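Quick note, the sequence shown lines up with residues 1 to 426 if you use the UniProt record's numbering.
We put the CB at the ideal spot given by N, CA and C, even for glycine.
Note that the structure is predicted; figures quoted are calculated from it, not measured.
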Amino acid sequence: MNALIIFVLLLALMLTGMPISISLGLTVLTFLFTMTEVPIDTVALKLFTGIEKFEIMAIPFFILAGNFLTHGGVARRMINFASSMVGHWHGGLALAGVLACALFAAVSGSSPATVVAIGSIILPAMVRQGYPKSFGAGVITTSGALGILIPPSIVMVMYSVTTNTSVGKLFMAGVVPGIMLAFFLGLTTWWLARKHNYPRMPKASWGERWSTFRKSAWGLLLIVIVMGGIYSGSFTPTEAAAMAAVYAFFIAVFVYKDLKLKQVGKVLLDSAAMSAMLLYIITNAILFSFLMTSENIPQAMAEWITGQGLGVVTFLLVVNILLLLAGNVMEPSSIVLIMAPILFPVAMKLGIDPVHFGILIVVNMEVGMCHPPVGLNLYVASGITKMGITELTVAVWPWLLTMLGFLILVTYIPQISLWLPNLIYS
């Protein structure tokens with residue numbers, strides 16, 4: 001009964017158009033002060049202790065690193081390198097977009113940042129080459145979603161904070177699924193381009209490929225610094241995020257010189273605003289999680305689901321449907337912070353690996369970012385292409401179906417996610 005009251009109250013507040021973070025906070029405070037005897041100082045204490053986790057510090061640093069890279073010419077050099085490698089195939093520039101999104105995802109940690117950085121450069125170039133605008137928009141909107149699957153990933157950090165799962169293992173678990181999804185999106189792009197006979201680029205010589213690689217190497221080196229540093233034990237994921245921010249500043253300002261020193265203040269302010277927004281959502285979500293736990297709701301749900309005789313296969317199907325539905329009304333950060341504390345205990349009771357469960361949630365979030373009404377990537381791509389959301393929704397369908405097929409694979413073949421972390425951490 002209490003669970004019903006909490007969720008009806010949360011839904012009612014969200015339907016008024018109130019931001020999700022405030023809806024969460026108001027739901028918790030209203031329930032605690034009217035239905036329970038929890039003292040007010042407990043709530044205040046929970047607000048502060050909830051975000052005292054060291055891992056949370058990684059979020060503002062990854063956002064800052066992503067913003068430096070977006071403004072610092074790294075994306076353009078990655079696109080040039082990707083074009084030299086795959087541009088001569090059918091739909092060459094579109095394939096270069098998929099590859100460039102995968103490379104940029106490995107340094108930024110954010111899907112919208114990947115769509116902006118790669119899309120704003122490659123979409124005008126595709127239109128000039130004779131591609132339909134809708135085709136280019138579909139490619140970039142969906143490939144940009146790789147930003148939260150290929151590590152480092154801000155969404156993975158949030159899942160880790162919520163469930164106490166190792167960030168290092170989650171990052172490692174995202175590598176194989178990230179590469180596989182990039183391949184499947186590329187395959188879909190190639191097939192459509194071949195079917196419609198879209199333009200190809202002249203084949204680059206190995207000298208040209210080496211030249212574009214050399215120019216993009218400073219940006220690509222960030223992948224080695226972050227992932228290599230974490231898995232060699234040189235620094236924690238949070239320290240890796242700080243290193244990434246400092247390194248991204250250095251290459252954007254002093255190596256590529258595409259970012260002027262006078263522009264650094266604006267980048268810092270934009271990053272601070274985005275970080276504050278995310279941390280505010282996290283704080284309220286932690287309060288919501290505290291309310292759930294104090295009312296014993298996740299444990300009761302776990303007992304009810306196991307009592308119904310739901311096996312792992314059915315449970316994972318239900319989780320996917322729930323998360324895809326949630327993706328219609330919420331953005332990824334909020335979904336992870338609200339749903340993970342509820343679903344995680346049930347998954348553990350059924351013997352599902354926490355790392356596999358985390359990757360499953362992230363892939364669901366990717367799908368949610370590419371369909372209306374709240375798909376963040378759709379809105380970002382709409383701003384770049386000047387296309388309507390309805391038009392964009394039609395454009396992304398072939399790639400969205402590919403992502404849904406991939407979601408089924410990741411859900412029911414845990415080894416896709418677990419093979420690499422098991423190999424490294426065994």
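- Task: May I ask which residues mark the beginning and end of the alpha helix (DSSP H) holding S294?
- Result: Residue numbering aside, residue 294 sits at position 294 when the sequence shown is read from its first letter. According to the DSSP assignment, S294 belongs to the alpha helix (DSSP H) that extends over 261–294.
- Which one of Y131, W89, G73 has the shortest CA to CA distance from F104? Position 104 of the sequence shown, counted from the first residue, corresponds to residue 104. The shortest Cα separation from F104 among Y131, W89, G73 belongs to G73.
- Could you tell me if H356 is buried or exposed, where buried requires 16 or more neighbouring beta carbons within 10 angstroms of its beta carbon? What you label residue 356 is simply residue 356 of the sequence shown in a count that begins at 1. Burial is judged here by how many other beta carbons sit within 10 angstroms of a residue's own beta carbon; H356 has at least 16 and is buried.
- Neighbourhood of S120 by C-beta, 6 Å cutoff - its chain only, sequence neighbours within 5 removed: On the sequence shown, position 120 is the one that residue 120 refers to. I384, listed in sequence order.
- Item | Which listed residue (L278, D353, N364) has its alpha carbon closest to that of M158 | Here residue 158 refers to the residue found at position 158 when the sequence shown is read from its first residue. Closest in alpha carbon position to M158, among L278, D353, N364, is L278.
- Task: Using three-state DSSP, classify M227 as helix, strand or coil.
- Result: Here residue 227 is taken as the residue at index 227 of the sequence shown, counted from 1. For M227, the three-state secondary structure derived from DSSP is helix.
- Query: Terminal residues of the continuous alpha helix (DSSP H) containing M339?
  - Reply: The count along the sequence shown starts at 1 and reaches residue 339 at position 339. Going by DSSP, M339 is part of the alpha helix (DSSP H) stretching over 332–349.
- Item | Exposure of R77, with buried meaning 16 or more beta-carbon neighbours within 10 Å | Here residue 77 refers to the residue found at position 77 when the sequence shown is read from its first residue. That one is buried.
- Message: To the nearest angstrom, how far is the alpha carbon of V313 from that of A285?
- Response: For this step, residue 313 is matched to residue 313 along the sequence shown. For this step, residue 285 is matched to residue 285 along the sequence shown. Cα to Cα, the separation comes out at about 28 Å.
- Query: Considering only residues of the same chain and omitting the five flanking positions on each side of A144, which have a CB-CB separation below 6 Å?
  - Reply: Here residue 144 corresponds to residue number 144 of the sequence shown, with the count starting at 1. Checking the sequence shown, residue 144 turns out to be Gly, not Ala. C101, S111, T114, V115, N377.
- Message: Tell me the rounded alpha-carbon separation between L4 and L420.
- Response: The residue labelled residue 4 in the question sits at position 4 within the sequence shown. The residue labelled residue 420 in the question sits at position 420 within the sequence shown. Between L4 and L420, the C-alpha separation is close to 40 Å.
- Query: Thinking just about the alpha-carbon of each residue, which of V167, D270, G351, L269 is nearest to the one in M227?
  - Reply: Within the sequence shown, residue 227 is the residue found at index 227, counting from 1. Here the closest residue by C-alpha is V167.
- Does DSSP put A204 in a helix, a strand or coil? By one-based count along the sequence shown, residue 204 stands at place 204. DSSP places A204 in coil when its eight states are reduced to three.
- Task: Could you check if W399 is buried or exposed, using at least 16 other CB atoms within 10 Å of its CB as the buried criterion?
- Result: Sequence index remark: in the sequence shown, residue 399 carries index 399 (1-based). Buried, since its Cβ has 16 or more Cβ neighbours within 10 Å.
- First through last residue of the alpha helix (DSSP H) which encompasses G178: Residue numbering aside, residue 178 sits at position 178 when the sequence shown is read from its first letter. Its alpha helix (DSSP H) spans residues 175–196.
- Message: Which of the three DSSP states is assigned to N328 in this structure?
- Response: Residue numbering aside, residue 328 sits at position 328 when the sequence shown is read from its first letter. In this structure, N328 counts as coil in the three-state DSSP scheme.
- Query: From this set, L99, A340, G327, which residue's C-alpha is nearest M292's C-alpha?
  - Reply: Taking the first residue of the sequence shown as position 1, residue 292 is located at position 292. Of the candidates L99, A340, G327, the one whose C-alpha sits nearest the C-alpha of M292 is A340.
- Task: Pick helix, strand or coil for H88, following the three-state DSSP scheme.
- Result: Residue 88 sits at position 88 when you count from the first residue of the sequence shown. If DSSP states are grouped into helix, strand and coil, H88 belongs with coil.
- Item | Residue nearest to F54 in terms of C-alpha spacing, selected from A241, I361, K260, I359 | Numbered from its first residue, the sequence shown carries residue 54 at position 54. Residue A241 is the option with its Cα nearest to F54.
- Message: Going by DSSP, what residue range makes up the alpha helix (DSSP H) through L4?
- Response: On the sequence shown, position 4 is the one that residue 4 refers to. DSSP places L4 inside the alpha helix (DSSP H), whose first and last residues are 2–15.
- Message: Please state the DSSP three-state secondary structure of Q41.
- Response: If you number the sequence shown from 1, residue 41 lands on position 41. A quick correction: the sequence has Asp, not Gln, at residue 41. It is helical.
- Task: Return the first residue and the last residue of the alpha helix (DSSP H) that P398 is part of.
- Result: By one-based count along the sequence shown, residue 398 stands at place 398. From DSSP, the alpha helix (DSSP H) with P398 extends over 397–412.
- Task: Go ahead and label F254 buried or exposed: buried means 16 or more other beta carbons lie within 10 angstroms of its beta carbon, across all protein chains shown.
- Result: For the purposes of this step, residue 254 is taken as residue 254 along the sequence shown, with counting starting at 1. Classification of F254: exposed, given that the 10 Å Cβ count is below 16.
- Would you check if the distance between the CB atom of V367 and the CB atom of M403 is smaller than 8 Å? Here residue 367 refers to the residue found at position 367 when the sequence shown is read from its first residue. Here residue 403 refers to the residue found at position 403 when the sequence shown is read from its first residue. Yes, they are a contact pair.
- Who are the Cβ neighbours of I122 in its own chain at under 8 Å, not counting the five residues just before and after it? One-based indexing of the sequence shown puts residue 122 at position 122. Taken in chain order, the residues that qualify are I79, L93, A96, G97, A100, G136, I140.
- Please report how far the alpha carbon of N2 lies from the alpha carbon of F288, in whole angstroms. Numbered from its first residue, the sequence shown carries residue 2 at position 2. Numbered from its first residue, the sequence shown carries residue 288 at position 288. When rounded, the distance between both Cα atoms is 13 Å.
- Task: For I305, collect the residues of the same chain with a Cβ closer than 6 Å to its Cβ; drop the 5 residues on either side in sequence, then sort them by chain order.
- Result: For the purposes of this step, residue 305 is identified with residue 305 of the sequence shown, where counting begins at 1. Answer for I305: V346, listed in chain order.
- List the endpoints of the continuous alpha helix (DSSP H) containing T36. Start at 1 with the first residue of the sequence shown, and residue 36 comes out as number 36. First-last for T36: undefined, no H or E at that position.
- Outcome for F81 when other beta-carbon atoms lying within 10 angstroms are tallied against a minimum of 16: Counting from 1 along the sequence shown, the entry for residue 81 is found at position 81. Per the 10 Å Cβ criterion, buried.
- How would you write the range of the alpha helix (DSSP H) that T114 sits in, first residue to last? For the purposes of this step, residue 114 is taken as the residue at position 114 of the sequence shown. Where T114 is concerned, the enclosing alpha helix (DSSP H) stretches over 111–129.
- Cβ neighbour criterion (16 or more within 10 Å) applied to W190: Here residue 190 refers to the residue found at position 190 when the sequence shown is read from its first residue. Buried: at least 16 other Cβ atoms inside 10 Å.
- Task: Go ahead and label D41 buried or exposed: buried means 16 or more other beta carbons lie within 10 angstroms of its beta carbon, across all protein chains shown.
- Result: Position 41 of the sequence shown, counted from the first residue, corresponds to residue 41. That one is exposed.
- Task: Using 7 Å as the cut-off, classify the Cβ of V86 as near or not near the heavy atoms of the ligand HEM, replying yes or no.
- Result: No copy of the ligand HEM appears in this structure; indeed no ligand is present at all.
- Message: Checking 8 Å against the spacing of the C-beta atoms, do T30 and L9 come in under that value?
- Response: Start at 1 with the first residue of the sequence shown, and residue 30 comes out as number 30. Start at 1 with the first residue of the sequence shown, and residue 9 comes out as number 9. Yes.
- Query: Is N164 helix, strand or coil by DSSP?
  - Reply: Sequence index remark: in the sequence shown, residue 164 carries index 164 (1-based). Three-state result, N164: coil.
- When the Cα atoms are used, what is the spatial distance from L146 to S333? On the sequence shown, position 146 is the one that residue 146 refers to. On the sequence shown, position 333 is the one that residue 333 refers to. Each residue's Cα considered, the two are about 15 Å apart.
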